[in-house]
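So the sequences go chain by chain: D and Z. Everything in the first sequence is counted per my numbering, starting at 1 for the first residue and increasing by one. Everything in the second sequence is counted per my numbering, starting at 1001 for the first residue and increasing by one. Each residue gets a CB set at the ideal place from its N, CA and C atoms; glycine is no exception. Keep in mind the model is a prediction, meaning the values are calculated, not measured. Let me begin by presenting the structure, written as C-alpha cells, before commenting on it.
Protein chains: 2
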Amino acid sequence: MKSYNALETTFERLHHLKHLESITYWDQAAMMPSNSNEARSKAMAEYGVLLHQLMVDPKVGELINKAEGEDLNEVQQASLREMKRRYDLSTWVPEDLVKAKSLAGSKCEHAWRTQRTNNDWKGFLENFKEVLNLSRQEAKVLSEKSGLSPYDSLIGLYEPGMNTKNLDRIFGDVKAWLPGLIQEIVEKQKTRKVLKPEGSFSVEKQKDLGLKVMAKLGFDFTRGRVDISSHPFCGGVPEDVRMTTRYDENDFVKALMGIVHETGHARYEQNLPEQLRVLPVGRARSMGIHESQSLFFEMQLGRGSAFLKSIHQDIVASFGASQAFEIENLINIYRQVKPDFIRVDADEVTYPAHIILRYEIEKALIGGEIEARDIPDMWNEKMMSYLGVDTRDNFQQGPLQDIHWTDGSFGYFPSYTLGAMYAAQEFNAVKKECPQIESHIEKGDYSPAFNWLKKNIWSQASLHTTDDLMLKATGETLNPVYLKNHLIERYLN
Amino acid sequence: MKSYNALETTFERLHHLKHLESITYWDQAAMMPSNSNEARSKAMAEYGVLLHQLMVDPKVGELINKAEGEDLNEVQQASLREMKRRYDLSTWVPEDLVKAKSLAGSKCEHAWRTQRTNNDWKGFLENFKEVLNLSRQEAKVLSEKSGLSPYDSLIGLYEPGMNTKNLDRIFGDVKAWLPGLIQEIVEKQKTRKVLKPEGSFSVEKQKDLGLKVMAKLGFDFTRGRVDISSHPFCGGVPEDVRMTTRYDENDFVKALMGIVHETGHARYEQNLPEQLRVLPVGRARSMGIHESQSLFFEMQLGRGSAFLKSIHQDIVASFGASQAFEIENLINIYRQVKPDFIRVDADEVTYPAHIILRYEIEKALIGGEIEARDIPDMWNEKMMSYLGVDTRDNFQQGPLQDIHWTDGSFGYFPSYTLGAMYAAQEFNAVKKECPQIESHIEKGDYSPAFNWLKKNIWSQASLHTTDDLMLKATGETLNPVYLKNHLIERYLN
C-alpha cells in the first residue's frame, strides 16, 4: 500500500498546484485588463513548464510500477489507472516536441485571429502546415507507445476508449439518416411563423435572469460564480467553478441558453465526489461525458417545452410581456433548424453534420491521406453534401471558423456529438425511471433528472471507463439511436 | 558576468511564478465565493512551499557568491544586492520555524476574527503567546545572521536600513510635539460647524465617481482594475495592478479617499521601470516608501484644498448639489481631527500616536521586556497619555483591533508613519521645484507632482537604499520636520 499512498499525496499536491493555474486562466479570460496579456502569458508558460516538470518526475513512474503490484481495492485500482493514464500522456511525448508544438500552435492561433477576419486561407496555410506536421509527429509517438493508430491516440486524449472504428460506424449511421431528417424538418418549419423578440435587452436584466435560472438549475453560488468573457466556458476548479457567458443586448435568446449549457458543465464539476476530487479518478470522465452534461441541460432539458414553460414567467418578468414571449413562440424560437455555415451557431439537428465533416477531414489529415492544402475542397464538398451549404472561397465561414486546429487539437471535435448522444441516452434513462418527468419539469421541479445525474454520472467521476459508466447508468454502452429518436420526436412530432 | 546573468534568469522566473500567487491572492479577497476558501487555502499553502523551495535552492546562493566577484555595472550591483537580500531572508530562517510560525499565525488570526467581535482577550492570549514565542525565535535567528538586534531584524523585513536607534529619535521627537498639537487642533475645530452629507450614496454612483477620480490620477486601466473587498488593498503585479475598495452607502467620504490612497500604491507599481521590474531591484523600495506614495496621494494631495476643489464638480455631478457639498464644508469634512480608538479610522494628525504606541509595545515584546499579558495595560496607559482615550477592558477597540500581530508581523507598523513622513518630505520637494503647484492642482493638472514622483521615486524602484533614494530625491535623508510643518500648516493656519 505504501507506493499507492505516496501517489495519492503526489497527485493531491498537483491538484492544489493546478488550482492556481485554473483560476489564473479564468482571470485571463474574464478579468484581466487588455495590456496585461504579455506578462500573464509569460507567467502561464513558466508555470506550465513547472507543472509539467513536477508531473514527469521519474519517481512518479517508479511509484506507479510498484503500486501496480500492491493489493488495492476497486477504487484504488481505478485511481491508479487514471494516475497512470495522466502520467503516460505527460511522459510519452518528448519535451522538445511539446514545446515545438506549443510554439507553432501559439503562432498559428495568434495569426489566425486576423487571418480569419481577412478570409486569408493562404496566410493561414503557411503556419498551419507546421502545426499539422508536429501533430502528426505527436500522434506517431503516442501511437508507438499506446499501440493505437495515430489518430486514435489523439482521440484518446479527450475521449479515452473511443476510436475510429466505432466513430466510423456511429457517424456512418448518422450520415445515412441526418440529411434526410434535416430536409424534412426544414420543410415542416417553412410554414411556421416565428416572432423575433424586440430588444434591447440590457446586460443587467439578462444577468439577473441568468442568475435566477442558474439557481433553479441548482448551481451552488457559494462555490462558484458567473462572469463575462468573449468565449463562454466553464473553468475554475470543482471547489470553485468559474462559468462565463456573453451578452448581446439585441438578443437574449443565446445568452440564456448559453448559461443553461455552462450550468450543466458546472454542476458536473460541483458534484464530483468530494473525497476523490483531488485525485485523477475523482475528475470528470471525458470531454464527451462533460459535453453530455451541458447538452443534457441545454438540449434535452433546456430546449424542451416543459422547461421553457417552467422559466417562461421569469423571462416575462425580466423583459415584460409581448407576443414574441408567448410560450408557443418561445418554444419555436428555441427550435429553429437551419443548415448554415457556423458550427457554434448551429441548432442541435444540423450540429452533428458539422462534427462529422471535421472528423472525416482530421482523420484524413493525421492519417496522411490528404494535406493541409486539400482542406477547403474537402470542406466544401462535404458541406454541400451534408447541409447543402456552398463554402467555396468562403474560408472565414469555412475551415477558418474554429480555433481547434490552429493549435493542433486534433481528435477533440468528435466529443461534441458523442456528448449529444450520451445526453440523449441519459435523458432517456431518466424518462424510464421517472415517466412523469415532463410534468415535474414543467412545475420547475428538475430534481428527478438531477438526482439521476448525481447518482449515475456526477458522483461516478472517473471510477469507470466510459463504456462501463454508460452501461451502469443506462443499461447499455453508447447507443446513438437515442439522439436520432430525440430529434425525430422533438422536431417532427 | 555569467553568474550574474544566470541569477537574472532565475529571478525573472520567480517573478513570473509569483504572478500567479499575486493574482490568486487578489481573487481570494475580491472574487472567490465563500465556501471555496478551504480548497484555496490549501492550494495557496502548497504553492507557498513550492515557491520557497525554488527560492532557497543552494545553487542560487552559489551564484550570488560568484557574482559578487564579477565585474558589474552600477545597476547590476544594486540588482545583486537586492537578490542577496531576498535570498538571505528566505534562507536564514529554518523551514521548520517558517512552517510553525505560519501555522500558529493562521490559527491565531482565524480565532481572532471571532475573539475581536467578542472582546475575548483571554482567548486571544492563548494562541498569541505561541505566535510571540515563534516571532522571538525568528527575530533571534535573523539577528544572529544579520548582526542587527532582534527587533531591528524584523523592522528590516519591511524597511531595510531602518532601526530602533533612529525610530526612538524620530518618534521621541514626535511625542514631544504631537499631543500638544492635537489638543490645539481639537480646540480650534470645536467652533466649526461641519454638515454631514446625507445619503444614501449608491455603490454604482460611488464606483463611477471613483473611476473618474482614478482616471484623473493617472491610473492605467489597461494594466489594472478596481474591485470590492472587505479590506481594501493594492495587489496584483506591476503589469496588472489589482486595487480593491469597499463602499458604504451611507457615507461616500471614506471610499472616495480610500480610492485616492490605493491609487497612490497603484501608480507606484504601474510605473516601476519596465526593463527591471522582473528583478528584485525593479520592485518597490520598502513598505515605508510604498506607503509614502499612498499617503502622498491621500494626505498631501488628496485632502488638500486644491485637490478637493479640482474634484468638487465630479462629486456634485455624482450625488447632486447640496449645502454639505459646498467646497468649504467638503474641505472641513476631510480635515476632521478626533482622538479615537481605531487606527485605520484615524485622521492624519492622530495617526502617528497609534503607530508610536504599537512600536513601543512590539519593541518591548520582541526585546523580552514585557510579555503578551502585559499588552492591555501598556496599551491603555499609552492611549491615555498620547490621545486621552480610555481603553480599559475594551480589547476590541484596543489591542485586538489590528490583524498585524495575529500572524506575527512585528516590525511592520512603523512603516505607516515613516510613509507619512516620506510623503510630506516628497511633497515639500515638489513645492520647491514647482512653487505654483497648488494652482496647477486646483485646475486638475497634477502632472508636476506625478512627473516628480515618476522621476524621483517610481522609476528608481530599489536601485538605491532608502536613505540614498530620499537624498537624491529631496536633498536630504528622512527628515520628520516636514510632516510636523505640514500638519501645522494645514490644521492651524
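Contact set for residue i: own chain, Cβ-Cβ below 7 Å, skip 5 residues either direction
{"i": "P1273(Z)", "result": "G1282, S1459, A1461"}
{"i": "H1312(Z)", "result": "I1327, L1330"}
{"i": "G235(D)", "result": "S22, Y25, W26, R242"}
Residues that residue i contacts on chain D, provided the C-beta gap is smaller than 7 Å
{"i": "N1035(Z)", "result": "T222, R223"}
{"i": "K1484(Z)", "result": "In chain order: nothing, as chain D lies at least about 40 Å away."}
{"i": "K1042(Z)", "result": "H16"}
Interface partners of residue i on chain D, CB under 9 Å
{"i": "Y1047(Z)", "result": "H16, L17, H19, L20"}
Proximity below 9 Å, CB of residue i to CB of residue j
{"i": "D240(D)", "j": "R223(D)", "result": "yes"}
{"i": "S3(D)", "j": "A67(D)", "result": "yes"}
{"i": "Y359(D)", "j": "A420(D)", "result": "no"}
{"i": "F395(D)", "j": "I355(D)", "result": "no"}
{"i": "S200(D)", "j": "N250(D)", "result": "yes"}
{"i": "G1288(Z)", "j": "Y1422(Z)", "result": "yes"}
{"i": "V260(D)", "j": "L217(D)", "result": "yes"}
{"i": "G1411(Z)", "j": "E1159(Z)", "result": "yes"}
{"i": "D377(D)", "j": "G161(D)", "result": "no"}
{"i": "I1361(Z)", "j": "I1375(Z)", "result": "yes"}
{"i": "H1019(Z)", "j": "V1237(Z)", "result": "yes"}
{"i": "N456(D)", "j": "T477(D)", "result": "no"}
{"i": "L1365(Z)", "j": "W1121(Z)", "result": "no"}
{"i": "F1319(Z)", "j": "L1471(Z)", "result": "no"}
{"i": "R267(D)", "j": "L469(D)", "result": "no"}
{"i": "F296(D)", "j": "A176(D)", "result": "no"}
{"i": "S292(D)", "j": "L157(D)", "result": "no"}
{"i": "M55(D)", "j": "P280(D)", "result": "no"}
{"i": "P480(D)", "j": "A353(D)", "result": "no"}
{"i": "I488(D)", "j": "A306(D)", "result": "no"}
Chain Z residues whose Cβ lies nearer than 9 Å to that of residue i
{"i": "D57(D)", "result": "Residues of chain Z passing the Cβ test: none, with the nearest at roughly 13 Å."}
{"i": "L50(D)", "result": "R1013, L1017, L1050, L1054"}
{"i": "V226(D)", "result": "Here the premise fails: no neighbours, minimum Cβ distance about 11 Å."}
{"i": "I182(D)", "result": "Per Cβ cutoff of 9 Å: no residues; I182(D) is ~43 Å from chain Z at best."}
Neighbourhood of residue i by C-beta, 8 Å cutoff - its chain only, sequence neighbours within 5 removed
{"i": "M1032(Z)", "result": "R1040"}
{"i": "A215(D)", "result": "F221"}
{"i": "I357(D)", "result": "Note that residue 357(D) is Leu in the sequence shown here, rather than Ile. W379, K382, M383, Y386, listed in sequence order."}
{"i": "V1337(Z)", "result": "I1182, I1185, V1186, Q1189, D1347, V1349, T1350, Y1491"}
{"i": "A111(D)", "result": "G123, F124, N127"}
{"i": "R192(D)", "result": "N332"}
Anticipated Cβ contact below 8 Å, residue i with residue j, distance rounded
{"i": "L1463(Z)", "j": "A1324(Z)", "result": "With a Cβ gap of about 46 Å, L1463(Z) and A1324(Z) do not count as contacting."}
{"i": "D1407(Z)", "j": "V1049(Z)", "result": "About 17 Å separates the two Cβ atoms, so there is no contact after all."}
{"i": "G61(D)", "j": "Y87(D)", "result": "6 Å"}
{"i": "E433(D)", "j": "W452(D)", "result": "6 Å"}
{"i": "V213(D)", "j": "D314(D)", "result": "7 Å"}
{"i": "E1262(Z)", "j": "P1232(Z)", "result": "6 Å"}
{"i": "A100(D)", "j": "L51(D)", "result": "Not a contact, Cβ separation roughly 19 Å."}
{"i": "L1017(Z)", "j": "E38(D)", "result": "With a Cβ gap of about 16 Å, L1017(Z) and E38(D) do not count as contacting."}
{"i": "I1437(Z)", "j": "K1431(Z)", "result": "6 Å"}
Cβ-based neighbour list, residue i, same chain, cut-off 6 Å, excluding 5 preceding and 5 following
{"i": "S146(D)", "result": "S153"}
{"i": "A1029(Z)", "result": "S1229"}
{"i": "S1079(Z)", "result": "L1279, V1281"}
{"i": "N163(D)", "result": "D152"}
Cross-chain neighbours of residue i in chain Z, by beta carbon under 7 Å
{"i": "V203(D)", "result": "The premise fails here: V203(D) is roughly 13 Å from chain Z at the closest Cβ pair, so nothing lies under 7 Å."}
{"i": "M32(D)", "result": "D1240"}
{"i": "V237(D)", "result": "A1039"}
{"i": "K208(D)", "result": "Looking at the sequence provided, one finds Asp at residue 208(D) rather than Lys. Simply none; closest approach about 15 Å."}
{"i": "I23(D)", "result": "T1024, D1027"}
Per the contact definition of three or more C-beta pairs closer than 8 Å, is the segment 296 to 304 of chain D in contact with the segment 156 to 174 of chain D? Here the segment 156 to 174 of chain D makes no contact with the segment 296 to 304 of chain D; the two share fewer than three CB pairs at distances below 8 Å.
Would you check if the segment 1421 to 1433 of chain Z and the segment 1244 to 1260 of chain Z touch, i.e. whether three or more CB-CB distances between them fall below 8 Å? The segment 1244 to 1260 of chain Z makes no contact with the segment 1421 to 1433 of chain Z; the number of CB pairs closer than 8 Å stays below 3.
Kindly confirm or deny that the segment 137 to 145 of chain D and the segment 89 to 103 of chain D touch, where touching means at least three C-beta pairs closer than 8 Å. Flag = yes, the segment 137 to 145 of chain D and the segment 89 to 103 of chain D touch.
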